[in-house]
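Student: Handing you a structure now.
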Amino acid sequence: MGLQRPRSRLLRHVHPSRGRTGTVRRDAGAVIHRCSPLRPRPCIGSLREDPFRELVPDKQPRAAGRHSAVRREESEVALLLNILWNVPGLGFIPALLWLLAAGIMAITVIGLPWARACLMMASYSFAPFGRRLVSTEDLNGFGTIGSGPLGWLANLIWFVLAGVWLCLSHLTLAVSTAVTIIGLPFAWAHLKLAAASLLPVGKRVVPNAVADAAELSGGRAARDRGRRD
1 MGLQRPRSRL LRHVHPSRGR TGTVRRDAGA VIHRCSPLRP RPCIGSLRED
51 PFRELVPDKQ PRAAGRHSAV RREESEVALL LNILWNVPGL GFIPALLWLL
101 AAGIMAITVI GLPWARACLM MASYSFAPFG RRLVSTEDLN GFGTIGSGPL
151 GWLANLIWFV LAGVWLCLSH LTLAVSTAVT IIGLPFAWAH LKLAAASLLP
201 VGKRVVPNAV ADAAELSGGR AARDRGRRD
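In this text, residue positions in the sequence shown follow the UniProt record's numbering: the first is 1, and each later residue adds one.
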């Protein structure tokens with residue numbers, strides 16, 4: 001005998017949300033939703049899906065596309081500002097000075113924690129636009145040596161010996177560039193570097209998108225800890 005095709009069952013139904021009538025044919029392995037003329041689009045899915053579910057256009061891809069387009073424009077603007085920061089703005093000079101300071105700190109051996117911070121500041125000074133400074137605890141989701149008591153002690157020593165003076169120098173440069181009006185973006189960069197140079201130990205320089213995600217996850221973790229307490 002040949003294989004017989006499974007019998008179909010035709011059911012009349014009323015859509016729960018719209019009150020529209022239609023016909024559902026249940027075959028082995030498929031559910032085909034034949035809608036009335038008021039809803040001409042077919043709904044095809046597996047037996048596990050609800051045949052009465054109305055297809056709603058997914059707006060998530062559109063929102064994600066707009067978000068990615070905005071991020072792409074921000075990265076392009078940041079790249080242009082970083083080029084202008086280094087070529088006419090001579091932003092590479094502070095970066096080279098930070099590299100020199102990192103080498104001196106590394107030679108002393110005892111200054112290795114600050115050498116790593118100087119390398120991070122050199123990278124930040126070379127390209128300050130489109131990036132931010134975040135805590136390693138927020139970035140990794142757990143505490144590190146730099147974010148613990150030893151990190152606070154290293155930051156305290158750095159603040160007294162170098163942090164205050166570096167911050168004042170960047171603030172002075174920020175004021176001098178802001179006076180020209182055209183140099184306002186450079187003034188903003190100097191303000192960011194001034195804040196970063198105060199307590200750099202236990203921090204990392206990451207793109208803005210990563211910083212936003214890290215701060216969001218850190219805020220959620222703090223709220224969760226607060227609920228548990």
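Heads up, the beta-carbon is just placed ideally off N, CA and C, and yes, glycines get one too.
Please read these numbers as outputs of a predicted model, since none were measured by experiment.
1. By Cβ distance, which residues of its chain are closer than 6 Å to residue 29, with the 5 residues on each side in sequence left out?
2. Taking a contact to mean a Cβ-Cβ separation below 9 Å, would you say residue 121 touches residue 193 in this structure?
3. Give the secondary structure of residue 214 by DSSP, where H, G and I count as helix, E and B as strand, and everything else as coil.
4. When the Cα of residue 213 is compared with those of 115, 134, 203, which residue comes out closest?
5. Span of the beta strand (DSSP E) holding residue 207?
6. By the three-class DSSP mapping on this structure, what secondary structure does residue 109 have?
7. Evaluate the contact criterion for the region 166-178 versus the region 189-208: three or more CB pairs, one atom per stretch, below 8 Å.
8. Looking only at C-alpha atoms, which of 98, 70, 127 sits nearest to residue 84?
9. Report the rounded CA-to-CA distance for residue 76 versus residue 115, giving the unit in angstroms.
10. Does the Cβ of residue 186 have 16 or more other Cβ atoms within 10 Å, making it buried, or fewer, making it exposed?
11. For residue 198 and residue 72, what's the separation of their Cα atoms in angstroms?
12. Which of the three DSSP states, helix, strand or coil, is assigned to residue 134?
13. Within the same chain, show all residues whose beta-carbon is closer than 7 Å to that of residue 173, passing over the 5 residues directly before and after it, in chain order.
14. Return yes when the Cβ of residue 69 is within less than 9 Å of the Cβ of residue 131, no when it is not.
15. Quick one: residues in its chain with C-beta nearer than 8 Å to the C-beta of residue 147, no 5 flanking neighbours on either side, listed in chain order?
16. Here's a check: name, in chain order, each residue in its chain whose Cβ is nearer than 6 Å to the Cβ of residue 239, leaving out the five neighbours to either side.
17. Could you pull out every residue in the same chain whose Cβ sits closer than 7 Å to the Cβ of residue 183, ignoring the five residues on either side in sequence?
18. Quick one: using the 10 Å Cβ neighbour count with 16 as the cut-off for buried, is residue 91 buried or exposed?
19. Just verifying my parser: in three-state terms, what is the DSSP assignment at residue 141?
20. When the distance is taken between beta carbons, is residue 143 closer than 9 Å to residue 217?
Tutor: Judging by the given coordinates:
1. Low confidence applies here, because residue 29 scores a pLDDT of 46, under 50, leaving its location unreliable and the question unanswered by this model.
2. yes
3. helix
4. 134
5. 203-207
6. The three-state secondary structure of residue 109, taken from DSSP, is coil.
7. yes
8. 127
9. 31 Å
10. buried
11. Straight-line Cα distance between these residues: approximately 31 Å.
12. strand
13. 190
14. no
15. Taken in chain order, the residues that qualify are 135, 136, 137, 202.
16. Nothing can be reported for residue 239, as the shown portion of the chain is limited to 1 through 229.
17. 177
18. buried
19. coil
20. no
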